[in-house]
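If you're matching positions, the sequence shown starts at 125 in the numbering used here and goes up one per residue.
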Amino acid sequence: MNPPTPPPREPHYFDNEAYGWSVRQCAINLINTLSGWCRQPFEFRGAANGRVWHFHGDFSDHAQLLFTTDKGDGVIELSIHDTNWVLAEVSVNGALQFRCWLEEPYEEKEFWPDGSDGKAEGDAPGRISKSRSWLQIRCADFPGAPDQGNGYWDLKDTYD
């Protein structure tokens with residue numbers, strides 16, 4: 125796989141735009157939000173069924189989330205790139221499956237495939253709800269994501 129390549133534009137973080145926090149601090153806050161959702165393991169269903177939990181990284185510029193599913197087990201490595209984009213590297217059964225770049229332009233978290241331009245007509249190619257209740261990937265933008273017949277690969281938590 126090629127070296128990580130973030131979108132060429134600056135990431136959007138609503139706390140930077142609304143409150144003037146530094147872009148780096150906003151990226152740290154995004155990692156803390158994502159890993160904080162997993163401090164207690166939670167279960168999900170959809171294109172894969174399983175459980176995710178926080179493993180490593182507290183209030184810093186990186187975190188590691190572990191997951192187990194009916195499709196394979198793996199890890200999500202979160203870190204901050206020099207450009208202040210949050211990099212997520214997703215590995216399943218020890219093999220890197222894909223990279224994406226996260227930002228938080230408003231309440232939903234958005235993510236972009238590695239090497240993309242970070243621009244979209246309408247919704248971003250990857251999205252996470254503000255309350256972590258769902259995750260959605262547009263398969264046309266993430267070729268490794270298996271299409272569920274509707275152009276998307278998605279997960280929902282089991283709490284609803």
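Using N, Cα and C, we set each Cβ at its ideal position, and we do this for glycine too.
Nothing here was measured: the structure is a model prediction, and the numbers come from that model.
Backbone CA spacing between residue i and residue j [nearest angstrom]
i      : j      : result
Val176 : Ile155 : 15 Å
Thr192 : Glu245 : 33 Å
Asp289 : Val216 : Nothing about residue 289 can be read from this structure; the chain reaches only from 125 to 284.
Ser184 : Cys224 : 19 Å
Ala212 : Leu202 : 5 Å
Cys162 : Leu189 : 8 Å
Gly174 : Leu158 : 17 Å
Asn274 : Glu141 : 34 Å
Beta-carbon proximity check, residue i vs residue j, cutoff 8 Å
i      : j      : result
Lys280 : Ser257 : yes
Pro135 : Asp238 : no
Ile204 : Val214 : no
Arg148 : Gly242 : no
Trp209 : Pro131 : yes
Glu228 : Arg251 : no
His178 : Ala187 : yes
Pick from the options that is closest to residue i, judged by C-alpha positions
i      : options                        : result
Phe235 : Gly170, Cys263, Asp271, Asn217 : Cys263
Asp139 : Asp278, Tyr230, Pro249         : Tyr230
Gln260 : Ala151, Gly144, Arg169         : Arg169
Asn126 : Ala248, Ala269, Gln221         : Gln221
Asp197 : Arg251, Gly218, Tyr137, Phe179 : Gly218
Under the three-state DSSP convention, the category residue i falls into
i      : result
Asp281 : strand
Ser255 : coil
Gly242 : coil
Gly266 : In the sequence under discussion, the amino acid at residue 266 is Phe, which differs from the Gly named in the question. Correct three-state label for Phe266: coil.
Ser159 : helix
Chain B contact for residue i (CB, 8 Å cutoff)
i      : result
Asp194 : Reference to chain B is not applicable here, since this structure consists of a single protein chain.
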